[in-house]
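Heads up: the structure comes next, in structure tokens.
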Amino acid sequence: MHRPFVRWWWNGDKIGKAEIARELRLLKLAGIGGVEINPIKFPAATGDLGIRSVPWLSKEWVELMHFTLDEAKSLGLTCDLIVGSGWPFGAEWLEDDQRTQLVSIAVKKLEGPLDYEVSLYELFREADPAITSPYTGRSMGLLSLHLVPSPLNKIGDAKDITDKIIHDKIKITIDQGPYALYALVLIHGFMEVINGAPGATGAVLNHYNKEAVKEYLNKMSSSIGTVSGKVRSLFTDSLELEGANWTGDLAPEFKKRRGYELLPWLPFILYKTGGMGNTFDVNYGIGYSAELKETLERIRYDFECTKTELIRERFVQQFINWCRENGVQSRMQAYGRGFHPLDGS
3 MHRPFVRWWW
13 NGDKIGKAEI
23 ARELRLLKLA
33 GIGGVEINPI
43 KFPAATGDLG
53 IRSVPWLSKE
63 WVELMHFTLD
73 EAKSLGLTCD
83 LIVGSGWPFG
93 AEWLEDDQRT
103 QLVSIAVKKL
113 EGPLDYEVSL
123 YELFREADPA
133 ITSPYTGRSM
143 GLLSLHLVPS
153 PLNKIGDAKD
163 ITDKIIHDKI
173 KITIDQGPYA
183 LYALVLIHGF
193 MEVINGAPGA
203 TGAVLNHYNK
213 EAVKEYLNKM
223 SSSIGTVSGK
233 VRSLFTDSLE
243 LEGANWTGDL
253 APEFKKRRGY
263 ELLPWLPFIL
273 YKTGGMGNTF
283 DVNYGIGYSA
293 ELKETLERIR
303 YDFECTKTEL
313 IRERFVQQFI
323 NWCRENGVQS
333 RMQAYGRGFH
343 PLDGS
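Under the numbering used here, think of the first position of the sequence shown as 3, with each following residue one higher.
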């Protein structure tokens, strides 16, 4: 006999043994065959019901989780358990390179002759993408600054003026004609967990960082203890990474895999992105010659391939291995960006 399976929201982790047992019995009576336990942020549009939240992965939360698994098993209900809370994986305790990263561009179009001055703050503000879930603790740093003629006919015409920045400002004299400043900006810890329950909010995990992924997963398994025989699958919810595209060794990994340097080309292959990493202006910046445009499209493809490979190796495969080590199946929602959908299926 086959029975339906449902996602079981633990809204705000406002949970207690009596209510957990009651809901499991109701699900059993309704003919439900299993639940996917999914802690999530409490809905903001309603009152908190006067029920306190139990912080994710706290000793009390872990005890309630095992109580749930035991109750479900006694009723013949199958249990899956999401890793983390909300989506994507993240936590309040992540630091530095463990937090997700994004490289973005800011473009300032100029018409010479002109004496021009601009601050790093203004460039950072332009580069900061209008994502759905920004993290308030994010930081920004300049990777490079180029002055380029418009249109750009060959990459050699892009002049690196990063060393001209003094006291967080740049003052330049521009010759006759149309030009543009291209600022390449690294945003550290740019995204917050979407709908994370108490204890699991904060920055999103850097899914391109193998060691960070392993530490995050091991922290979860060491906190919850043995779940083999109680949990069918540990689950990855949607990979809504909001355009995350960077980690500390991405540039050398690109060279190793693709055979050439990425950074000279990177400012010119990035689109202007917003919520969920969606491109909202494919014409942001200046125009390129037909020959250069074709080259940039090929490099953009190589960049996407490299990111997909790193996500597969450093996140997807690590997750699968970790589930096997813990004696459970792995499940992943095939939704989001930055990885091949077949990996998630």
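A virtual CB, placed ideally from N, CA and C, is assigned to each residue, including glycine.
| Check | Outcome |
| --- | --- |
| Assuming residue 155 contacts residue 268 (C-beta within less than 8 Å), just tell me the rounded distance between them. | Actually they do not touch by this definition, with Cβ atoms about 19 Å apart. |
| Who are the near neighbours of residue 331 in its chain, counting only those whose CB is closer than 8 Å to its CB and skipping five residues on each side? | 234, 235, 236 and 325 |
| Have a look at residue 125 and residue 26 and give me their C-alpha separation to the nearest angstrom. | 53 Å |
| With residue 184 and residue 107 assumed to form a contact (beta carbons below 8 Å), what rounded beta-carbon distance in angstroms separates them? | 6 Å |
| Using a 10 Å radius around the Cβ and a threshold of 16 neighbouring Cβ atoms, would you call residue 58 buried or exposed? | buried |
| If you draw a straight line from the alpha carbon of residue 279 to that of residue 243, how long is it in whole angstroms? | 7 Å |
| Note down, one range per segment and in chain order, each beta strand (DSSP E) of at least 3 residues found wholly within the segment 249-288. | 281-283 |
| For the pair the segment 67-76 and the segment 111-131, tell me if three or more CB-CB distances fall below 8 Å. | no |
| In the DSSP assignment, find the beta strand (DSSP E) that holds residue 150 and state where it starts and stops. | 141-151 |
| Is the distance from the Cβ of residue 10 to the Cβ of residue 42 below 8 Å? | no |
| Using 8 Å as the threshold, is the C-beta distance between residue 206 and residue 195 below it? | yes |
| Less than 8 Å between the C-beta atoms of residue 101 and residue 190, yes or no? | yes |
| Evaluate residue 89 with the Cβ neighbour count: other Cβ atoms within 10 Å of its Cβ, from every protein chain shown; 16 or more gives buried, anything less gives exposed. | buried |
| Run through DSSP, which three-state label would residue 329 get? | coil |
| Just to confirm the assignment, what range does the alpha helix (DSSP H) spanning residue 27 have? | 19-31 |
| My guess is that residue 220 and residue 249 are in contact by the Cβ rule of under 8 Å, so how many angstroms apart are they, rounded? | That pair is no contact at about 19 Å. |
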